[in-house]
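Q: Line by line, the protein sequences are chains A and B. Under the numbering used here, the residue at position 148 of the first sequence is numbered 148, and the numbers go up by one with no gaps. Under the numbering used here, the residue at position 102 of the second sequence is numbered 102, and the numbers go up by one with no gaps. Beta carbons: idealized from backbone N, C-alpha and C, even for Gly.
There are 2 protein chains.
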Amino acid sequence: MPDSENDDKRKHGPMPAPSKTSKSTASAGKASDSKANRSSAKRDRILDVAEQLFAEHGYDGVTLRQIASGAKVDVALASYHFGKKLDLFNAVFERRSAYLNQARHEALEAVREEAGAAGPSVEQIIEAFLRPLELAQETGDEGWRHYLALVAYINNSPYWGRRMMSKMFDSLVNEFIDALRVALPGASDTDLYWCYHNMSGALTLTLADTGRIDALSNGLCSSSDFEAAYDHMIPFMAAGFRKLCGTGNGA
Amino acid sequence: MPDSENDDKRKHGPMPAPSKTSKSTASAGKASDSKANRSSAKRDRILDVAEQLFAEHGYDGVTLRQIASGAKVDVALASYHFGKKLDLFNAVFERRSAYLNQARHEALEAVREEAGAAGPSVEQIIEAFLRPLELAQETGDEGWRHYLALVAYINNSPYWGRRMMSKMFDSLVNEFIDALRVALPGASDTDLYWCYHNMSGALTLTLADTGRIDALSNGLCSSSDFEAAYDHMIPFMAAGFRKLCGTGNGA
DNA sequence: GCAACTTTTCAACAGTTGTTGAATTGTGCC
DNA sequence: GGCACAATTCAACAACTGTTGAAAAGTTGC
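1. For P132/A and E227/A, I'd like the C-alpha separation in whole angstroms.
2. Is it buried or exposed for N198/A, if we count other Cβ within 10 angstroms and need 16 for buried?
3. Which residues, in order along the segment 118 to 144 of chain B, keep a beta-carbon less than 8 Å from a beta-carbon of chain A?
4. By the 10 Å Cβ neighbour count, where 16 or more other Cβ atoms means buried, how is N155/A classified, buried or exposed?
5. Rounded to the nearest angstrom, what separates G186/B and P120/B at their Cα positions?
6. When you compare the CB positions of G240/A and A239/B, do they come within less than 8 Å of one another, or not?
7. Restricting to Cα atoms, I'd like to know which of E127/B, E138/B, D44/B, M164/B is closest to G70/B.
8. With a cut-off of 8 Å, does the C-beta of S171/B fall near any C-beta of chain A?
9. For Y147/B and chain A, any beta-carbon pair shorter than 8 Å?
10. Does the distance from the C-beta atom of H81/B to that of D60/A stay below 8 Å?
11. Return the first residue and the last residue of the alpha helix (DSSP H) that Y147/B is part of.
12. Taking one C-beta from the segment 219 to 235 of chain A and one from the segment 219 to 238 of chain B each time, how about it: are there three or more such pairs within less than 8 Å?
13. The alpha helix (DSSP H) that contains T206/B, what's its start and end?
14. So what's N218/B in DSSP terms, helix, strand or just coil?
15. Note down, one range per segment and in chain order, each alpha helix (DSSP H) of at least 4 residues found wholly within the segment 78 to 114 of chain A.
16. Less than 8 Å between CB atoms is the rule here; does I301/B satisfy it with respect to chain A?
17. When we look at the beta-carbon of S265/B and count the other beta-carbons within 10 Å, is it buried (16 or more) or exposed?
18. Measuring only the C-alpha atoms, how far is C195/A from L148/B?
19. What is the rounded straight-line gap between the Cα of A103/A and the Cα of R65/B?
20. Return the chain-ordered list of same chain residues with a C-beta closer than 8 Å to the C-beta of R112/A, the five sequence neighbours on each side being excluded.
21. Which residues in the same chain as L184/B place their Cβ atom closer than 8 Å to its Cβ, once the five residues preceding and following it in sequence are excluded?
22. What are the residues in the segment 227 to 243 of chain B lying within 9 Å of chain A by C-beta distance?
23. What do you get for A128/A, buried or exposed, if any count of 16 or more other CB atoms within 10 angstroms of its CB means buried?
24. Would you mind working out which of K85/A, T210/A, A98/A sits nearest K167/A, comparing C-alpha positions?
25. Is S157/B close to chain A? Criterion is C-beta to C-beta, closer than 8 Å.
26. Per DSSP, what kind of secondary structure is A238/B in: helix, strand or coil?
27. Considering only residues of the same chain and omitting the five flanking positions on each side of G250/B, which have a CB-CB separation below 6 Å?
28. For N198/A, decide whether its Cβ has a neighbour in chain B, counting only Cβ atoms nearer than 8 Å.
29. Check this for me: beta carbons of I213/B and S200/B, under 8 Å apart or not?
30. When burial is assigned at 16 or more other CB atoms within 10 Å of the CB, is S171/B buried or exposed?
31. Is there a Cβ of chain B sitting closer than 8 Å to that of H57/A, yes or no?
32. Would A208/B count as contacting chain A if we go by Cβ distances under 8 Å?
33. Under 8 Å between C-beta atoms, does M165/A make it to chain B?
34. For chain A, is any of its Cβ atoms less than 8 Å away from the one on L77/B?
35. Which class does T25/A belong to by DSSP, given the choice of helix, strand or coil?
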């Protein structure tokens, strides 16, 4: 819970790398571009460990020394690379967001193309919203699960939620809501946003991966089985949208 | 993020008051029973302030000095009344849980009686699950909103979620799932639990009251308007349950 | 009024926190 | 090999953390 405003006097390290210009059109590639990138093995390890610990214990529940220890690195190195603790937190949050937004955007474009003039169904839109989140098993990078749990922590936090989520995800979310508005003609915006709120909540709890559903169901359901979660979430949410926003088309 | 086990050597203060025996039948009254109760004005103020701050910033985001300062009380007083910081956290979490469980249980019994032999509909069951949470405006006690935000924080936390929620709410949640199983004949338990998971997630994000839906909808929806949230949540969730768990009866 | 008691404050502790300046190591270049 | 520079460690700082023992203030019963 930091209370100071951000000051711009940068003095020591290389710092977050001046706003990486990645608003290009197509390839937000994930393979690091070898040499030109501002990176090092230890720097990445700090990000990885911070990602995991922040996701599990929150911003204030993690110390820089725990992160440094987990990354097998001196404490000062985190400050050298990222500046303040809050800057490290932001760096972790922003590291994967562009790639994720790109993946979801492309998934929506894909179902748009597939559906043709009729436009995609509610199910197709929701599927495009959720399935890209399975990129943990796709890419084999287990860090994605930690990142998504961190997004869940932030989204559910009264302190971080509004400011951080809006800045990072509002643009993409509005893309999906626009698509849903078309798929559900006659729906009021109020209903549409409340429906999205419901879906976002269910998704958030899924990504948090707390293990509660495991205990509650006596092992019938596993909170870490995202595929099963989405299999159940897609028809569930589609039915909810249709109930509140008229019948809509398709399926 | 405390890492020590609980030790039973109680030495100084009066401590959490020996397990208040309130498993009686009917009246879990909220009016404090004047003299016999282990309470004082300052002790209650500590609980109130801790409730609000823990809900907003999480366990590690709040210091005992912030709580004491907010309650206009010396730091040591929190330790005197509650022992360790973690004991205070638990005391805050447990303070209102019995009353809430009772209110929800009675709401479920009420719709059971109202529905008669046919049994309550999915909508009625979900309504009985949600509406009692509006007791903030009913009782006029604004602390309820903070408490519910704290429950949301805990439920969404990988660290606290499983252990604390299960101990406090599993019994009641299973009552509702049992009722839903009856209202949705033929439903598999797996589907039933995943549906509950979806509803729980949407509810959790609602209770967290982060203000994100306000920003996203440009003010069309207000995250602090629980009544509107439940109005939209009840038909939404009922439709989702029916979609995944067969058609069911009623409405 | 004084004695037993609970409640509250005061003062201090040992340990931990984020941060930083200086020193050391590593790396590529000519 | 030496030079510039980035990466990393070392050592230390002032501030803050939860906790506690002792003292003070408040309350109750007689």
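A: For this structure:
1. 11 Å
2. buried
3. none
4. buried
5. 16 Å
6. yes
7. D44/B
8. no
9. no
10. no
11. 143 to 155
12. no
13. 189 to 208
14. coil
15. 85 to 95
16. Nothing can be reported for residue 301/B: it is not among the residues displayed for chain B, which extend from 1 to 251.
17. In the structure displayed, chain B extends from 1 to 251; residue 265/B sits before or after that span and is not available.
18. 21 Å
19. 45 Å
20. G119, P120, A179
21. V122, L192, F241, R242, C245, G246, G248
22. A228, A229, D231, H232, M233, P235, F236, M237, A238, A239, G240, F241, R242, K243
23. buried
24. A98/A
25. yes
26. helix
27. With a pLDDT of only 41 at G250/B, under the threshold of 50, the placement of this residue in the model should not be trusted, and no figure is reported.
28. yes
29. no
30. exposed
31. yes
32. yes
33. yes
34. no
35. Here the model assigns T25/A a pLDDT of 28, short of 50, so the residue's position is not dependable, and the following value carries that caveat. It is coil, neither helix nor strand.
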